[in-house]
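Input: a single structure, listed below in structure tokens.
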Amino acid sequence: MEQVKRKLRVATTSLAGCFGCHMSLLDIDERLVPLLDLIELDASPLTDLKHCGPCDLGLIEGGLCNAENVHVLREFRRQCQTLVAVGSCAITGGLPAQRNHLDIRDCLQTVYLTGVGVERGFIPNDPELPLPLDRVHPLHDVVKIDYFLPGCPPSADAIWQFLNDLIAGRTPQLGHGLIRYD
Amino acid sequence: MSDGARRTFALDGLEVPFEPGQTILQAALAAGHYVPHLCFHPEFRPHGSCRVCTVKVNGRTTASCTTPARDDDVVESRTEELDELRRNLIQFLFTEGNHFCPSCEQSGNCTLQAVGYELGVTTGHYNPLFPNRPVDASHPDVLLDFNRCILCELCVHASAEVDKKHVFALSGRGITKHLVVNAESGRLGDTPLAVYDKAMSVCPVGVIQRKGRGFAVPIGARTYDRASISAIAVPRREEV
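Okay, here's the thing in structure tokens:
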């Protein structure tokens with residue numbers, strides 16, 4: 001009976017991010033075709049599956065700005081053998097973390113009550129909405145992260161190099177031009 | 183080499199010649215060997231504060247920017263052990279300040295960033311402190327963004343020794359150490375700093391920014407987009 005090499009099962013998600021890292025993943029263009037011979041997607045914005053089953057690899061974009069982000073991150077950590085923080089926000093908190101020196105109550109009041117052009121405003125309190133955290137955190141503040149792929153976003157070439165190294169069982173190495181913090 | 187004797191030390195097994203009075207870092211760079219470093223500037227007296235240039239000389243760790251080269255010394259630099267310690271120092275600096283590279287005008291020309299790339303630093307590793315450091319925009323031509331300061335003291339020395347203005351100083355100790363402006367108000371607008379001052383051009387990160395222009399060089403054409411810091415630092419410093 002013919003042995004078929006098992007595909008790596010991969011989940012991705014965007015927490016407090018802008019989906020730019022996912023766009024950069026798609027930006028590997030025609031290389032997606034050979035990549036899909038090697039991997040199959042589990043939970044991901046690309047499959048619209050909301051919950052993550054057991055996976056070999058989890059790619060997480062975005063940092064942690066609310067309680068739901070932490071919940072999803074912990075689910076990914078439970079289910080993924082290898083967890084990767086992708087992009088500036090996942091690794092440093094990034095743009096959302098620029099509010100970290102402000103009081104969260106002041107932020108909400110300014111945005112929903114006192115800000116320019118706000119009329120009859122109120123601070124949303126629907127129980128469906130996840131509560132914001134007082135500070136935005138990088139992923140490694142909460143769970144163990146196995147690899148970090150920096151960039152805002154990491155370039156398609158960096159993502160391609162990283163995934164190829166990982167799929168081949170090598171420690172990912174980003175040389176000059178591929179390792180970037182911006 | 184007035185006495186005719188050729189003075190050399192061994193750097194990672196390679197023979198490095200030196201002139202009397204040269205430090206290990208100066209001699210290494212002059213000979214075309216890159217030793218990662220951050221607060222060293224060829225025009226100013228080295229003071230060994232960042233420790234990124236730490237090497238082992240005959241088995242003992244020391245800052246190569248302040249240690250005089252000596253004949254027949256055995257110096258280790260790019261070992262995995264020392265590079266791992268250097269990565270730790272870079273990670274401390276990234277997590278103690280607010281280094282949000284995507285919005286920084288210095289990105290691509292930043293020494294801290296470039297040394298991070300050189301050493302393969304992909305994460306701050308430690309829990310970031312997110313300190314609250316308001317910027318000083320009081321000067322008509324210059325913006326001071328304290329969030330990015332790594333306390334290298336180059337602006338302090340440049341302003342005191344070259345510009346003779348003493349605009350900057352460091353204050354406090356340990357984790358509370360910070361850059362201050364030498365004016366009664368504490369504001370940059372009340373100092374004689376001018377855009378042509380030496381202090382304007384020595385910051386290795388993005389603290390001292392000229393107003394009225396931003397992101398002047400496109401991504402891809404910036405200093406460390408074109409080549410790694412190890413490739414750039416060595417030929418440029420051959421005259422040292």
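Here the protein sequences line up with chains A and B, keeping their order.
Here the first sequence is numbered in this note's numbering, starting from 1 and rising by one per residue.
Here the second sequence is numbered in this note's numbering, starting from 183 and rising by one per residue.
Even glycine gets a Cβ: it sits at the ideal position worked out from N, Cα and C.
From a predicted model like this one, the values you see are computed outputs, not experimental measurements.
Contacts that residue i makes with chain A (C-beta to C-beta distance below 9 Å)
i	result
B/C283	S88, T92, P150, C152, R180, Y181, D182
B/S231	Chain A residues near B/S231: none, gap ~23 Å exceeds 9 Å.
B/S383	Result: empty, since nearest Cβ-Cβ is about 22 Å, beyond 9 Å.
Chain B contact residues for residue i, given Cβ-Cβ distances below 7 Å
i	result
A/P138	P310
A/D141	N309
A/N100	F312
Residue i (DSSP reduced to helix, strand or coil)
i	result
A/D182	coil
A/R9	strand
A/H22	helix
B/R355	coil
B/S285	helix
B/C334	coil
A/F162	helix
A/G63	strand
B/S412	helix
A/T47	coil
A/L113	helix
A/P132	strand
A/A16	strand
B/Q273	helix
A/D157	helix
B/P374	coil
A/T92	helix
A/G119	Note on identity: in this sequence residue 119 of chain A is Glu, with Gly being the wrong assignment. Coil at A/E119, not helix or strand.
B/I401	coil
Same chain, Cβ closer than 6 Å to residue i, neighbours up to 5 away in sequence not counted
i	result
A/L108	I123
B/T248	P228, G230
B/P310	T277
B/Q204	A251
B/D323	V377, K393
B/A187	none
B/R173	This structure leaves residue 173 of chain B out entirely; chain B is present only between 183 and 422.
B/H321	L370, G371
Other residues of its chain near residue i: CB distance less than 8 Å, five sequence neighbours each side excluded
i	result
A/H22	T12, S14, P45, L46, E61
B/P313	E278, G279, N280, N329
A/L8	L38, I39, E40, D56, L57, I167
B/K380	A340, S341, V344, D345
Buried/exposed call for residue i, threshold 16 Cβ in 10 Å
i	result
B/R269	buried
B/Y378	exposed
A/Y181	buried
B/I357	exposed
B/G306	buried
B/A415	buried
B/G402	exposed
B/F397	exposed
A/Q81	exposed
A/T171	exposed
A/S24	buried
B/E421	Unreliable positioning characterises B/E421 in this predicted model, as indicated by a pLDDT of 44, which lies under 50. The coordinate reading is nonetheless provided below. That one is exposed.
A/N125	exposed
B/R418	Its pLDDT being 47, under 50, B/R418 is placed unreliably in this model, and the coordinates cannot settle the point.
A/E30	exposed
A/L139	buried
A/H71	exposed
A/G175	exposed
B/A192	exposed
B/N240	exposed
B/A296	buried
Partner residues on chain B for residue i, Cβ-Cβ distance less than 9 Å
i	result
A/R31	Chain B residues near A/R31: none, gap ~21 Å exceeds 9 Å.
A/R135	F312
A/H22	Chain B residues near A/H22: none, gap ~17 Å exceeds 9 Å.
A/A196	Past the edges of chain A, shown from 1 to 182, lies residue 196 of chain A, and the structure says nothing about it.
Within chain B, partners of residue i - CB distance below 8 Å
i	result
A/R105	Simply none; closest approach about 16 Å.
Opposing strand residues paired with residue i [DSSP bridges]
i	result
A/T82	A/L57
B/A192	B/E197, B/V256
B/R242	B/V239
B/H339	According to DSSP, B/H339 bridges with nothing at all.
B/T304	Partner(s): none; B/T304 has no beta bridge.
B/H360	B/S353
B/D318	B/L326
B/I390	B/L326
Proximal chain A residues relative to residue i, where beta-carbon distance stays under 7 Å
i	result
B/Q273	Per Cβ cutoff of 7 Å: no residues; B/Q273 is ~11 Å from chain A at best.
B/Q295	Y181
B/Y216	Going along chain A, no residue has its Cβ under 7 Å from B/Y216, so there is no contact; the nearest lies around 13 Å.
B/S246	Within 7 Å Cβ-Cβ: nothing; B/S246 doesn't reach chain A, min ~23 Å.
Cβ-based neighbour list, residue i, same chain, cut-off 7 Å, excluding 5 preceding and 5 following
i	result
A/P96	A16, G63, C65, C89, V136
A/P127	none
Contacts that residue i makes with chain A (C-beta to C-beta distance below 8 Å)
i	result
B/T304	I91, Y147, F148, L149, P150, L174, I179
B/S289	Y181, D182
Cβ-heavy atom distance, residue i to the ligand PLP, below 7 Å
i	result
A/G177	Inclusion of the ligand PLP in the displayed structure is not the case, the ligand content being empty and no account of it being possible.
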